[in-house]
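Note that the sequence shown covers residues 59 to 304 in my numbering.
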Amino acid sequence: MGLGLPVAADIRLTMGPWEDAPPCTGRARNMDEVAEIQQGRRPRPVCRKGESEKLDDAAIAEAQRLAATSSKFSIDSPGLGYQLYFDDRKYYLQPMRFMAKDRPDEVCKPTHGKGPLSYRCEEGQTYKHSCHLMFFNTRYELVGVHRIRTDEPFPIWCNALPATGVANKTKNELLVTFQYFPTDRKVASKISDVGSGWIRMTSLFRLVEENGRISIEQDDSCLKNPNRIESIPDARAILKRCAQPK
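Below you can see the structure in the form of structure tokens.
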């Protein structure tokens with residue numbers, strides 16, 4: 059079932075400007091004070107994080123909570139999340155890659171034996187990374203998450219989410235380009251082969267904001283799933299053709 063019609067809003071997506079971190083307090087003013095800090099005779103400076111750093115931290119913490127694996131998380135490109143506005147109401151969008159739990163108690167310990175990467179968990183299931191869209195409020199609380207659906211006939215590994223843009227601001231629609239590769243194929247044996255099997259796809263997502271939460275619907279009716287649309291401008295052109303009278 060769909061999410062119904064979105065409440066009328068004018069959505070905007072920006073990559074900044076971000077609020078800078080406030081200056082550290084208690085900084086050493088000379089080498090004598092540096093020595094006092096190192097010797098423990100003077101408190102260390104207190105440094106607060108800026109807006110983009112807080113978003114990165116929140117996204118990493120929530121991805122870790124939702125993930126089946128216990129490995130330490132990181133963000134591919136720190137500081138490159140998005141500010142998302144519904145009229146004047148501000149949220150954040152952070153694309154993430156991780157293996158989400160298919161059931162609440164799922165655990166995956168990736169096998170790391172000698173030889174080619176197996177993409178298997180010690181527990182028996184496939185080790186995979188999916189592409190996710192994570193939404194946060196201005197208190198950096200998770201208010202919506204969507205695992206991007208990819209209807210390929212083979213298992214995939216999401217390895218990048220290079221682009222996000224607005225498709226239709228009055229319909230609360232976003233376009234996201236993501237990249238993946240099949241994990242049931244032979245692993246590249248030469249550096250020149252790396253990337254030869256990577257696939258790019260662009261999908262449409264409709265957002266609904268209600269009571270401080272964001273619901274996400276993936277609409278593949280026009281762009282199809284899977285597709286080989288490699289950029290947001292190409293996807294916009296196809297959506298325009300779909301909207302024309304038959």
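Beta carbons: idealized from backbone N, C-alpha and C, even for Gly.
With at least 16 other beta carbons inside 10 angstroms of its own, HIS190 counts as buried.
Measuring C-alpha to C-alpha distances from PRO75 to each of SER110, ARG87 and ALA86 identifies SER110 as the nearest. Excluding the 5 residues flanking it on each side, ILE69 has same chain C-beta neighbours closer than 6 Å at PHE144, LYS227 and ASN230, in chain order. Using a 10 angstroms sphere on the CB of MET154, the tally of other CB atoms reaches 16 or more, which defines it as buried. With contact defined as three or more Cβ pairs closer than 8 Å, the region 205 to 220 and the region 159 to 172 are not in contact. By the 16-neighbour rule on beta-carbons within 10 angstroms, HIS170 is exposed.
Put simply, the region 281 to 288 does not touch the region 84 to 102. Fewer than three CB pairs are less than 8 Å apart. Straight-line measurement puts the Cα of ARG147 at about 42 Å from the Cα of ARG178. LEU151 places its beta carbon less than 9 Å from that of PHE193. About 6 Å separates the beta carbons of ILE290 and THR260, which is inside the 8 Å limit, making them a contact pair.
Burial state of GLN302 is exposed, judged by a 10 Å Cβ sphere holding fewer than 16 other Cβ atoms. If you draw a straight line from the Cα of LYS167 to the Cα of THR127, it is about 6 Å long. A Cβ-Cβ separation of about 18 Å leaves GLY202 out of contact with ILE133 under the 8 Å criterion. Residue environment for TRP215: buried (at least 16 other C-beta atoms within 10 angstroms of its C-beta).
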